[in-house]
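Engineer: Structure in structure tokens, see below.
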Amino acid sequence: MKMKNYLKLLSSIVLLAFIGSCSSEDGKESVSGQGSIMVDLSTNLSYSRAVDESAYLNVKNYKVSLYKGEDPVYTDKLYEDLDVEQKVDFGVSYTLTAYYGEDVAAGYDKLYVKGSESFTVSQGDKKTVSIVCKPANARITLVYKGNDDNDAFEDYFQDCTVTVKTDYMDEAWTMNKSNEGQQLYLKTGDEGTDATLSFSLIDKNGEPVSVDNFTTSKVIDLKPCYSYTLTIKPNATDIAGGKVGLEITVDDGVTEEDVTVDIPGDYIPS
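Each residue of the sequence shown is one higher than the last, beginning at 8 in the working numbering.
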């Protein structure tokens with residue numbers, strides 16, 4: 008009988024100790040002042056209509072990093088592997104970043120998409136942090152045209168080579184008519200960067216053109232999430248003999264910028 012009472016007493020003590028332990032842990036979590044976040048990731052590809060969008064639209068492919076101030080909490084975790092709810096400290100500045108693609112200086116079809124969001128949470132709060140990932144580099148596409156709808160660029164020249172160089176590149180990138188329609192993506196940084204375009208004309212006999220007063224280079228301002236169409240065409244109507252114009256057209260309703268390279272009128276073949 009005494010043994011049974013002893014066992015009951017022992018069981019009660021163990022149970023009380025367990026309850027006390029749980030209460031203590033709950034108290035610690037409350038004192039630590041944590042909140043929680045859920046990450047909502049979406050994409051806005053804007054100018055990338057001609058790339059294979061399926062991989063970029065699938066948010067499971069994106070890598071996510073969380074920073075507490077400057078210190079990483081975690082880096083490059085796949086979005087699909089994130090916990091649905093994540094604990095964070097209240098009153099502290101956090102930054103959440105996400106990206107997909109290669110952040111290279113230049114390359115064909117190298118669309119790079121990223122987004123970031125800074126936030127803080129209050130004690131005990133549960134917050135959804137939304138990140139919209141957008142193209143973070145610029146795109147240039149070459150188009151070669153004739154003077155009008157009745158002729159072609161080849162009726163005047165064999166080729167016009169274009170080189171592109173930014174501060175992010177070790178060497179200039181060279182394009183010509185064989186690259187017409189290909190999408191060259193260029194790193195711009197968050198604030199944009201200057202790009203130097205250089206041009207080299209080849210006549211119908213395959214010989215380089217060297218003419219006095221021919222403007223062979225032009226500096227343009229490249230901005231992230233902008234698309235530039237560089238249209239190379241003879242223009243035989245403005246001056247006797249004509250000129251060749253290079254038009255850079257920025258998509259998505261941005262003001263167009265015209266860049267014209269003049270060739271002396273006595274050179275253009277009739």
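Cβ atoms here follow ideal geometry from the backbone N, Cα and C, with glycine treated the same way. None of the values given here were measured: they were computed from a predicted structure.
#1: Any heavy atom of the ligand HEM within a distance shorter than 6 Å of the CB on residue 225?
#2: Three or more beta-carbon pairs under 8 Å between the region 161-181 and the region 191-199, yes or no?
#3: Assign residue 213 to one of two classes, buried (16 or more other C-beta atoms within 10 Å of its C-beta) or exposed (fewer than that).
#4: If you scan the region 83-153 from start to end, which runs of the beta strand (DSSP E) of 3 or more residues do you find wholly inside it?
#5: Could you check where the alpha helix (DSSP H) with residue 62 kicks off and where it finishes?
#6: Pull up the DSSP beta-bridge partners for residue 223, would you.
#7: Roughly how many whole angstroms lie between the Cα atoms of residue 69 and residue 201?
#8: For residue 132 and residue 93, I'd like the C-alpha separation in whole angstroms.
#9: Do residue 81 and residue 102 have their C-beta atoms within less than 7 Å of each other?
#10: Looking at the structure shown, is residue 164 part of a helix, part of a strand, or coil, going by DSSP?
#11: Grouping DSSP H, G and I as helix and E and B as strand, with all else coil, what is residue 70?
#12: For the beta strand (DSSP E) that contains residue 174, what are its first and last residues?
#13: What span of residues does the beta strand (DSSP E) with residue 211 cover, start to end?
#14: Would you tell me roughly how many angstroms separate the C-alpha atoms of residue 163 and residue 151, rounded to the nearest one?
#15: Nearest-angstrom Cα distance between residue 183 and residue 63?
Structural biologist: With the structure as the only source:
#1: By its list of ligands, the structure shown contains no ligand whatsoever, and the ligand HEM lies outside what it can speak to.
#2: At 8 Å Cβ cutoff, the stretches touch.
#3: In the sequence shown, residue 213 corresponds to position 206, counting from 1. Classification for residue 213: exposed.
#4: Considered as a whole, the region 83-153 harbours 93-96, 101-107, 113-115, 120-126, 133-142, 144-151 as its complete beta strand (DSSP E) runs of no fewer than 3 residues, in chain order.
#5: Locating residue 62 in the sequence shown gives position 55, counting from the first residue. Counting along the chain, residue 62 sits inside the alpha helix (DSSP H) bounded by residues 61-64.
#6: Translated into the one-based positions of the sequence shown, residue 223 becomes position 216. DSSP lists no partner for residue 223.
#7: Numbered from its first residue, the sequence shown carries residue 69 at position 62. Numbered from its first residue, the sequence shown carries residue 201 at position 194. About 29 Å.
#8: What you label residue 132 is simply residue 125 of the sequence shown in a count that begins at 1. What you label residue 93 is simply residue 86 of the sequence shown in a count that begins at 1. Computed Cα separation, rounded: 12 Å.
#9: Within the sequence shown, residue 81 is the residue found at index 74, counting from 1. Within the sequence shown, residue 102 is the residue found at index 95, counting from 1. Their beta carbons are not under 7 Å apart, which means residue 81 does not touch residue 102 by this criterion.
#10: Mapped onto the sequence shown, residue 164 falls at position 157. If DSSP states are grouped into helix, strand and coil, residue 164 belongs with coil.
#11: Counting from 1 along the sequence shown, the entry for residue 70 is found at position 63. Reduced to three states, the DSSP call for residue 70 is strand.
#12: Taking the first residue of the sequence shown as position 1, residue 174 is located at position 167. That residue, residue 174, is in no beta strand (DSSP E); it is neither H nor E in DSSP.
#13: By 1-based counting over the sequence shown, the position of residue 211 is 204. Here residue 211 belongs to no beta strand (DSSP E), and DSSP marks it neither H nor E.
#14: The residue given as residue 163 occupies position 156 in the sequence shown. The residue given as residue 151 occupies position 144 in the sequence shown. Roughly 11 Å between the two C-alpha positions.
#15: The residue labelled residue 183 in the question sits at position 176 within the sequence shown. The residue labelled residue 63 in the question sits at position 56 within the sequence shown. Between residue 183 and residue 63, the C-alpha separation is close to 28 Å.
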